[in-house]
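What follows is a single structure, written as structure tokens, with notes after it.
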Ligand SMILES: [Zn+2]
């Protein structure tokens, strides 16, 4: 993947000045535009760089000129625009959003495990030496405090969110788990995820 990044500048304010006469037409009607440089990624401003710059133009005759002392005054009083940080703000929002979503997933998982239903599918995680393996358990029946489950035929060497197409739940091999034991499996991280159809 390639990333486009670099420097650009945006106008952060515009002023009219009526103190300074135009050297061409003598009008007292100057326009000052103040700019700020920024670092962009895919043209989204991430943070400000360099300093403020400005242009000065007579609104009467259109003549562009440069008066450092005057421009400096306006550059100095112009505050940085929050738009200069757009990218950083987006990234921060994304992080907050992901953590809220993750928190909700954890809550949902706990709610499902606390009150299991037939058809629930657990993503199970087990450690075997240095490697972690995954498989699935499907709840096929609930009787009193016992949950009857069938395991997937396949064992996965890396995390998958659902069983693959050739996989199936082995009917003849039922594993009975107590409700309390199920919660323990969640707390110990052996239940990685729960899907309810
Ligand atoms: Zn002029």
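In the numbering used here, the protein residues as written are 178 to 374.
From the three backbone atoms N, C-alpha and C, an ideal C-beta is built for every residue, glycine too.
Predicted model only: the values in this text are computed from it and were never measured.
Quick check on DSSP: helix, strand or coil for residue i?
i           : result
residue 219 : coil
residue 200 : coil
residue 360 : helix
residue 205 : coil
residue 340 : coil
residue 179 : coil
Quick one: give me the first and last residue of the beta strand (DSSP E) that residue i is part of.
i           : result
residue 303 : 298-305
residue 254 : No beta strand (DSSP E) contains residue 254, which is instead part of the alpha helix (DSSP H) from 245-254.
residue 264 : First-last for residue 264: 263-291, but that is the alpha helix (DSSP H), not the beta strand (DSSP E).
residue 348 : 346-355
residue 313 : 308-320
residue 184 : 182-194
residue 370 : 368-372
Compare the Cα-Cα distances from residue i to each of the options and report the closest residue.
i           : options            : result
residue 226 : 216, 232, 207      : 216
residue 219 : 179, 362, 266, 364 : 179
residue 184 : 207, 222, 193      : 222
residue 191 : 248, 214, 339      : 248
residue 368 : 268, 317, 286, 212 : 286
residue 235 : 211, 224, 258, 197 : 197
residue 375 : 296, 333, 350, 370 : Past the boundaries of the shown model lies residue 375; the chain is included only from 178 to 374, so the question cannot be answered.
residue 338 : 320, 328, 254, 371 : 371
residue 340 : 280, 326, 300      : 300
residue 288 : 326, 237, 364, 330 : 364
residue 327 : 336, 335, 317, 265 : 317
residue 311 : 335, 271, 320, 270 : 335
Starting from residue i, follow its DSSP beta bridges and name the residues at the other end.
i           : result
residue 232 : 210
residue 242 : 233
residue 323 : 320, 355
residue 225 : 215
residue 329 : 346
Strictly under 7 Å for the Cβ-Cβ distance: is residue i near chain C by that measure?
i           : result
residue 287 : No chain C appears in this structure, which consists of one protein chain only.
Heavy atoms of ligand 1 versus C-beta positions, residues under 6 Å: 199, 201, 202, 204, 235, 237, 238, 240
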